[in-house]
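Written below as C-alpha cells is the structure these notes are about.
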Amino acid sequence: MARAAKSRRPTAPAEVPVPDPAAAAALSARLLAWYDRDRRDLPWRMDPGQAADPYRVWLSEVMLQQTTVAAVKPYYARFLARWPTVGDLARAEDAAVMTEWAGLGYYARARNLLTCARAVTDQHGGRFPETEDALRALPGVGAYTAAAIAAIAFGRRAVVVDGNVERVMARLFAIETPLPAAKPTLRALAEALTPDARCGDHAQAVMDLGATLCTPRSPACGLCPWREACQGLRAGLAERLPAKAPKPERPTRRGVAFWIQRRDGAVLLRQRPARGLLGGMMELPGSDWVEAPMPDPAVAISESAPMALDDWRVVPGGVRHTFTHFHLDLIVVMARVGANPRARGIWVPLERLGEHALPTVFRKVVRHALTKGVLESDEDRPDR
DNA sequence: TAAACGTGGAC
DNA sequence: TGTCCAAGTTT
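The numbers in full-length UniProt numbering rise by one with no breaks, and the one at position 339 of the first sequence is 339.
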C-alpha cells in the first residue's frame, strides 16, 4: 500500500492485532461523529470549514507540550495579542518572550520558539513549511508537533501520536506492554486508524477523547464512542492502561538564595546561563543547588554571595520547589546595601519584578522574602 | 538510549 | 505533604 511504503515508521510487531482497513474506517467515522457533536471550543481551534492559521496551530502545540490546556490558555491569549503573526514574534526581543513565557515551564520551548519564528521568517519567507519533514527540521518541533501541524494546519495525512493517543490506543487494543517499550506498537495502531480525509480532525478527536473521556484516572467509558470496540474495557483493564515503567526517585537538592535590596528598594537579579535548567531566565543570586545537607548560611554567604556585606539575615522558614527530576529546598538570606553598590546583574524596583523573566521557583523566593523577611532598617519601623 | 527539562492541579 | 500526570523535544 502506498501509505505504508511511504512511512518511515517502524511497522507493528507481528503479534499486534492491527485492525483491518474496514474496521479502522468504521472506528474513525464513529469518532468523527462524536467529535462533530461534542468538540471542545478551544481558543486555537478553528470553526468547522475554516482554514487553520499555521502560526496559531504551531504556537498552541508548542505551548501544549507536556502542559495542560488550562495552563496554556492565558499564555496563548497574551502571546497572540502581543505577537499576532510569526513575523511579529520573529522581531520580538528575547527578554520579552522569556518574560511572557515565565511560569509556563520548560523554558527551552520559549528559546526554541523564537529561533523557530526567525527561521520561518528568514528561511521560509514568513510561511510555515507544509511537510512533516520540513516542519520537523524546525527548532522545538519534534515528531508529534510536526505531525500535528501538518495534519491540523495543512490537512495532510500524518500520524499524530501524543500521550493521549498512546493511552487511547493502549486501552482500545488492550496493549499491556509498559511504556516506553510499547511506543512502536501504539504508533502502528494509531497509523492504522488514521484516515486519509479529515486527518487533522481525526487527530484532534483522538486527543480530545483522551483529554475528556479516556482520561488517565476514572475514564468515562460509558460515554465513549469506542466503548463497544474497546478491548481494554472488555478485559476490565482500561483504567490500568497504559502500563508505565517505574520512575526513578527524586533526590532533594539544597541551596541558598540571596535577597539583596538597595537603599531605594531595588533588588539584585541576574540572568541564568542560556542553556540548561531555567536557561536564559532571570534569578536571584544564589549558591549552587547540590544533593547534600543544607549548607550553613555563613559558609554559603562566604562562598556564594555576589558581594561582601556585613548584615546578612536568614529569613525564617524556607522555600520548597519541585522540578521534574529533583526537589529543591532553599534558604533565603537577605541584606541591605548602599545607594550604588557594585555587582554583576541588574537592580530591579520591587514593583517591576513582574516585568522580568522570573521562573516560578524564584517568584516563590520573592514572596517568601517579602512576607517573612526582615531587613535591618525595617526594625526601626514601629509597625513591624 | 536515557536523562534533562517546569509547573500546577488532582487525588 | 507526596505522587502522578499533561497535546514532547533535545542531547
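From the three backbone atoms N, C-alpha and C, an ideal C-beta is built for every residue, glycine too.
Item: Classification of arginine 3 by the beta-carbon crowding that lies within 10 angstroms, buried from 16 upward; Value: Residue placement at arginine 3 cannot be trusted, given a pLDDT of 31 that sits under 50; what the coordinates show is reported in the next sentence. It is exposed - the Cβ of arginine 3 has fewer than 16 other Cβ atoms within 10 Å.
Item: Simplified DSSP assignment, three categories, for tryptophan 34; Value: helix
Item: Cross-strand partners of valine 254 (DSSP beta bridge); Value: Before going further, note that residue 254 is arginine rather than valine in the sequence given. Val290, Asp329, per the DSSP bridge assignment.
Item: Best match in Asp38, Asp329, Gln231 for proximity to valine 18 [C-alpha to C-alpha]; Value: Gln231
Item: Lysine 247 versus proline 178 - alpha carbon distance; Value: 12 angstroms
Item: Reduced DSSP category for leucine 375 - H, G, I as helix; E, B as strand; rest coil; Value: coil
Item: Candidates Phe173, Ser287, Leu278, Arg254: closest to leucine 328 by CA position; Value: Arg254
Item: Other residues of its chain near alanine 148: CB distance less than 6 angstroms, five sequence neighbours each side excluded; Value: Glu61, Val160
Item: Residue 385 vs glycine 345 beta-carbon contact at 8 angstroms; Value: As displayed, the chain neither begins before 1 nor continues past 384, which places residue 385 out of reach and without an answer.
Item: Where the alpha helix (DSSP H) through isoleucine 152 begins and ends; Value: 143-154
Item: Environment of valine 361 [buried if 16+ CB atoms lie within 10 Å]; Value: buried
Item: Member of Ala170, Ile260, Ile175, His325 whose CA lies at the smallest distance from the CA of proline 341; Value: Ile260
Item: Arginine 157 - DSSP class collapsed to helix/strand/coil; Value: coil
Item: Contact test: threonine 68 Cβ vs the ligand FAD heavy atom, cutoff 7 angstroms; Value: Inclusion of the ligand FAD in the displayed structure is not the case, the ligand content being empty and no account of it being possible.
Item: Ordered list of alpha helix (DSSP H) runs contained in the region 151-206, each at least 4 residues; Value: 163-172, 183-193
Item: Among Ala298, Gly317, Phe323, Pro349, nearest to leucine 268 - alpha-carbon criterion; Value: Pro349
Item: Beta-carbon spacing of arginine 263, alanine 339 below 8 angstroms; Value: yes
Item: Residue closest to glutamate 239, alpha-carbon to alpha-carbon, out of Ala190, Cys199, Val366, Val168; Value: Val168
Item: Nearest residue (CA-CA) to leucine 89, options Ala71, Thr121, Ala70; Value: Thr121
Item: Continuous alpha helix (DSSP H) stretch holding threonine 121: start and end; Value: 108-123
Item: Inter-residue spacing [alpha-carbon to alpha-carbon] between phenylalanine 128 and threonine 252; Value: 42 angstroms
Item: DSSP beta-bridge partners of arginine 56; Value: Paired residues: none, contrary to the question.
Item: Alpha carbon of arginine 40 to alpha carbon of aspartate 208, nearest angstrom; Value: 8 angstroms
Item: The region 82-99 touching the region 183-190, judged by at least three CB pairs closer than 8 angstroms; Value: no
Item: Histidine 325 classed as buried or exposed, judged by whether at least 16 other C-beta atoms fall within 10 angstroms; Value: exposed
Item: Boundaries (first-last residue) of the alpha helix (DSSP H) holding tryptophan 101; Value: 94-101
Item: Extent of the continuous alpha helix (DSSP H) to which valine 86 belongs; Value: 86-90
Item: DSSP-derived helix/strand/coil call for leucine 370; Value: helix
Item: Inter-residue Cα distance where the pair is alanine 51 and glutamate 228; Value: 33 angstroms
Item: Rounded straight-line distance, which links the Cα of threonine 68 to that of tyrosine 144; Value: 16 angstroms
Item: Backbone CA spacing between alanine 170 and glycine 317 [nearest angstrom]; Value: 45 angstroms
Item: Sheet register partners of arginine 336 (DSSP bridge); Value: Gln261
Item: According to DSSP, residues forming a beta bridge with glutamine 271; Value: Met282
Item: Alanine 24 and leucine 193 closer than 8 angstroms at C-beta; Value: yes
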